[in-house]
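Below is one structure, written out as structure tokens; the observations come after it.
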Amino acid sequence: MVVIRGNHDAANKMTNQLRLPKNPDGSDILLDAEQVDRRVFDDLGIVVHGRSYRTRAETQDMTIDYLPPLRDFFNLGLLHTGLSGLQGHEPYAPVTPNRLADKGYDYWALGHIHCRGEHNAPGAAPIVYSGNIQGRHIRESGAKGCLLVEIDDQNQTTTTFQPLDVARWDDRCQIDASTISHRDEIADRFDRFLKAALADADQRLLVPRVRITGETPQHSQWVAQQAQIEADLQAVAIATGGDQVWLEKVRIKTLPPLSGHLAPGLDDDESVEPLTGPLDSIETVADELRHQPTGDMSSWFEDQISDLTRKLPAEMLTEEANAIDPDDESVDDWVDQATAELWSRLRGTTVAD
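At position 229 of the sequence shown the residue is numbered 211 (the working numbering), and the sequence of numbers has no breaks.
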């Protein structure tokens, strides 16, 4: 077995380190951090090339010093890298797929990116992220595990995914509310989704997020009823999945029907009136807030919350109010809820359970 250190367990990190046992032949499992390491497994016909991180942020191309491939062996390259061109990740040990292909190895096994995927250069050997073995949050949805690699006599590879996760995040449940007129139908659709997802989960804990989308005349009502809808879906989760399901979150992302569109359940001569006056102004401001650059709204909203909480009497402040830490998605939810509440008040209506 061979292992390389990455940014989270670099050689210079001042943390208690787990001492790994040695291989049966007495060799260390961890590859060297001071220089490129090469381990030859004569009995398997495999040589592994790799290097551990010395520091948390290795910002140079570490493959420059990787050794040439050994003839008559299967050459496997190990690298913890952000891989140049991938968005949304720290660019540790940046390198392009073409650069890796130029090394002449038979297979590159990459770490750092938690999403499984291949990034082969055209006509070159596989360059593969196996992903992490356990999703940590809803943005790491789907099956997680490892790749089993079979090697034939021509050093060609076949990979098979082996799931290893014990809990599975699932962000696939999107319910179109444009044809729904009652809350019970939302619960029914979630129940159908859940039964299929549980079959795929193979006895693992399932952690779904539900998004309710589409244009609907019930937009204001349902945004204001977020807590009740979430309680409905939690009841479905318990009834259908028992202790195998934990409802992560419900996001209500519906919209009011656009002017001139027919709302579900209305007759042909009952088209939705265009927004005018205060209602139009509210929707315009809300739309502007929803389309602010990523990050700007979170800091702005945090400032507004802080200003409001300073004005509240001490006895009204709760731990929950003091612990508000908005992200972009939660700010969008708050904008939607505030918009729905204002719509309801201006129309002189109340939201029924």
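Positions of the beta carbon are idealized from the N, C-alpha and C atoms, including for glycine.
The DSSP assignment places no complete run of the alpha helix (DSSP H) inside the segment -11 to 54 (cut-off: 4 residues). If you look at L180, you'll find it isn't in any beta strand (DSSP E); it sits in the alpha helix (DSSP H) that goes R165 to A183. Here H94 is near G(-12), since their CB atoms are less than 7 Å apart. Across the structure, P3 and V(-16) are spaced so that their CA atoms are roughly 11 Å apart.
Checking the DSSP bridge columns, you'll see V189 partnered with W151. Non-local beta-carbon contacts of A268 in its own chain, meaning distances under 6 Å to residues more than five positions away in sequence, involve V317 and T321 in chain order.
For the 7 Å CB-CB criterion, I194 and I220 do not form a contact. Following the DSSP letters along the chain, one finds P108 in no beta strand (DSSP E), marked with neither H nor E. In the DSSP assignment, V232 falls outside any alpha helix (DSSP H) and within the unbroken beta strand (DSSP E) covering K231 to L237. Counting C-beta pairs closer than 8 Å gives three or more between the segment 212 to 231 and the segment 170 to 177, which meets the contact rule. A direct Cα-to-Cα measurement between D166 and S123 gives close to 27 Å. Per DSSP, reduced to three states, the secondary structure at G224 is helical. Q200 is classed as buried because its beta carbon has at least 16 other beta carbons within 10 Å across all chains shown. Annotated three-state conformation of I(-14) is coil, per DSSP. The closest CA to that of E230, considering only D153, R20 and F55, is found on D153. Here DSSP, grouped into helix, strand and coil, assigns I120 to helix.
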